[in-house]
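Novice:
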Amino acid sequence: MTAHIEAKKEDIAKTVIMPGDPLRAKFIAETYLENPRLVNQVRGMLAYTGTYKGKEITVMGSGMGMPSIGIYSYELYKEYDVENIIRVGTAGSYTKDLNLYDLLLVQKCYSESSFGRTQNGSEDIFKEANFALNFHIQETANELGKHLTIATIHSSDVFYKEQDNYEELYQKYGCLACEMESFALFHNASVLGKKAACILTISDSLVTGEETTSEERQQSFRNMMELALETTLKL
Ligand code: HPA
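7 is the number of the first residue of the sequence shown in our numbering; add one for each residue after it.
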C-alpha cells in the first residue's frame, strides 16, 4: 500500500496500461481482460489486474496532468516494482497534416513544465520515451496494419490558455500535438530506471477547431487500446 494506491504489491502486474480517465481503465478491463479484478479505488482512480491472452497486466487511470500521473507512475515504479507503463491518451493537433483519430507514437516530448526541475533539478526541456518499448509498439502496429505517426509532442501544464503559442512550438520544436502527461511519466521512468511509452489519438485540432464526439472517441480508443494490449504480449 502507498499513500494513493491500496493494492497489495502482488496485485499489480509488471506492465501497466494507463489511460487518463479511470472509467476508461474500467472499460478496458471489462472489454479485454480475462478475469479482471478491481485492485484500487482510492480517490476513484480505478485499477484492474487481469490477463490479456494469458499475459498478466494492470490497467489504471492516471488522472489529468503531470502532477497526477507523476504521483501514480512514481508509486507504481518505485513501490510496486512496475517495469513498463504505456500511457494511452488523446491529444490536440498542432498541424493540418494530422487528422482526427490519427494515431501517434510519442518519441520525445517538449515541456515548459517545472516538473523535472522540481523533482530532481533536471533542466531538460525534452524527455524521451523508452526506445525498446517504442520498437515493440511500432512492430506491433506494422503487424496489425495500423498506421502510426512517430511524433515529438508538447506536454502542457495548462489546458485553457488565454494565449496559445502552438504555432511557435510547431515551428521551433516540431511539436505535432499537445497532451498533458508524458513529460512527467518519461521523467519518472528515467529517474527510476524504468520504461515508459505513450500512444495518442488525435481528438481535436487547435488549427481547425474540429472535435470528436465522445462516442467516436470510444471507438478510436479501441484502436489504440488494441495496439497497447497486443504490444504487452512482447514484453
Ligand atoms: N490540449 C491539451 N491536452 C489535450 C488536448 C488539448 O488540446 N486534447 C486532448 N488532450
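The C-beta atom is built at its ideal place from N, Cα and C for all residues, glycine as well.
Quick check on Arg43: buried or exposed, where buried means 16 or more other Cβ atoms within 10 Å of its Cβ?
Specialist: Residue environment analysis places Arg43 among the exposed positions, since fewer than 16 neighbouring C-beta atoms fall within 10 angstroms of its C-beta.
Novice: Taking all protein chains shown into account, decide if Glu81 is buried (16 or more other Cβ within 10 angstroms of its Cβ) or exposed.
Specialist: buried
Novice: Please confirm whether Leu44 has its beta-carbon closer than 8 Å to some beta-carbon of chain C.
Specialist: Chain labels in this structure do not include chain C; a single protein chain is all it has.
Novice: Tell me whether Glu185 counts as near ligand 1, meaning its Cβ is closer than 7 Å to at least one heavy atom of that ligand.
Specialist: yes
Novice: Can you check the region 146-178 for any beta strand (DSSP E) of at least 3 residues that lies completely inside it and give the ranges in chain order?
Specialist: 154-161
Novice: Per DSSP, what are the beta-bridge partners of Ala203 in this structure?
Specialist: In the DSSP output, where bridge partners are listed per residue, Ala203 has Ile92.
Novice: Using 7 Å as the cut-off, classify the Cβ of Ala135 as near or not near the heavy atoms of ligand 1, replying yes or no.
Specialist: no
Novice: If you measure from the CB of Ser162, is any heavy atom of ligand 1 nearer than 7 Å?
Specialist: yes
Novice: On the three-state DSSP scale, how would you describe Met70?
Specialist: coil
Novice: Locate the alpha helix (DSSP H) running through Thr237, then write down its first and last residues.
Specialist: Unbroken alpha helix (DSSP H) run through Thr237: Ser220 to Thr238.
Novice: Roughly how many angstroms lie between the CA atoms of Ile131 and Tyr83, to the nearest whole one?
Specialist: 22 Å
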